[in-house]
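This report refers to the structure that appears directly beneath it.
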Amino acid sequence: MANLNIDSVKERTFDAIVIGSGMSGGWAAKELTGKGLKTLVVERGRQVEHNKDYPTTNLNPWEFAHGGKVPLAVREANPIASRCYVFKEDAMHFVVKDAEHPYVQEKPFDWIRGYQVGGKSLLWARQTQRWSKYDFEGP
13 MANLNIDSVK ERTFDAIVIG SGMSGGWAAK ELTGKGLKTL VVERGRQVEH NKDYPTTNLN
73 PWEFAHGGKV PLAVREANPI ASRCYVFKED AMHFVVKDAE HPYVQEKPFD WIRGYQVGGK
133 SLLWARQTQR WSKYDFEGP
């Protein structure tokens with residue numbers, strides 16, 4: 013029989029596991045822990061440190077080498093990511109490169125990903141719009 017430390021097993025036992033720390037995962041973890049559940053959040057991406065890991069955060073619009081646009085060679089190398097509105101010079105370093113993380117498309121689907129703590133919330137053009145009740149109503 014294996015030599016198990018019961019306290020160690022209890023420390024590594026969780027009521028819930030959340031995959032990804034983006035907006036949805038972060039909110040799910042907040043709600044679960046708020047209800048008293050012992051929750052583990054698993055994130056595949058890196059920790060992003062404020063300012064240090066934002067190479068473009070203090071640049072003015074006129075300071076970008078390509079006027080905020082992504083060079084043609086980079087767009088051609090990332091045909092899926094380049095279709096997304098956030099794939100601009102100020103945020104492209106937070107977008108997953110198509111060639112490094114391909115996926116099978118049975119039907120056309122643009123899967124825009126950001127592998128870092130916070131997920132794609134770091135790609136929201138530095139803003140979040142306030143939603144109204146009409147955003148949650150169907151046609």
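Note that the numbering used here has the sequence shown beginning at 13, numbered continuously upward.
Every residue, glycine too, gets a C-beta built ideally from N, C-alpha and C.
No experiment lies behind these values; they were computed from the predicted model shown.
- Task: With V129 as the anchor, note down where its alpha helix (DSSP H) starts and where it stops.
- Result: No alpha helix (DSSP H) contains V129, which DSSP labels as neither H nor E.
- Query: Would K42 be called buried (16 or more neighbouring beta carbons within 10 Å of its own) or exposed?
  - Reply: By the 10 Å Cβ count, K42 comes out exposed.
- Message: Short of 6 Å in beta carbon distance, which residues of its chain neighbour M13, apart from the five on each side in sequence? Order them along the chain.
- Response: Note on M13: pLDDT 47, under 50, position unreliable in the model; the coordinate value appears next. Excluding positions up to five away in sequence, the list is empty.
- Query: What is the DSSP secondary structure of V86, reduced to helix, strand or coil?
  - Reply: The three-state reading of DSSP puts V86 in helix, counting H, G and I together.
- Message: Give me, in chain order, the residues of the same chain whose beta-carbon lies closer than 7 Å to that of N63; leave out the 5 immediate sequence neighbours on both sides.
- Response: Cβ within range, chain order: T69.
- Query: Which partner residues of V21 appear in the DSSP bridge assignment?
  - Reply: For V21, which the question treats as bridged, DSSP gives no partner whatsoever.
- Message: Using 8 Å as the cut-off, can you tell me whether the segment 23-35 makes contact with the segment 125-132, which would need three or more C-beta pairs spanning the two stretches below that distance?
- Response: The segment 23-35 is in contact with the segment 125-132.
- Task: Rank L44, Q128 and G48 by C-alpha distance to the C-alpha of E55 and give the top, closest one.
- Result: Of the listed residues, the one whose Cα sits closest to E55 is Q128.
- Cα-Cα, which of V107, R24 and P120 is closest to G57? The option with the nearest alpha carbon to G57 is V107.
- Task: Report back the beta-carbon spacing between D122 and I92 to the nearest angstrom; my notes put them in contact at under 8 Å.
- Result: About 5 Å separates the beta carbons of D122 and I92, which is inside the 8 Å limit, making them a contact pair.
- Query: R125: buried (16+ other C-beta within 10 angstroms of its C-beta) or exposed?
  - Reply: R125 is buried by the Cβ-count criterion.
- Using the DSSP secondary-structure output, state which residues sit across from R58 in a beta bridge. According to DSSP, R58 shares a beta bridge with Q128.
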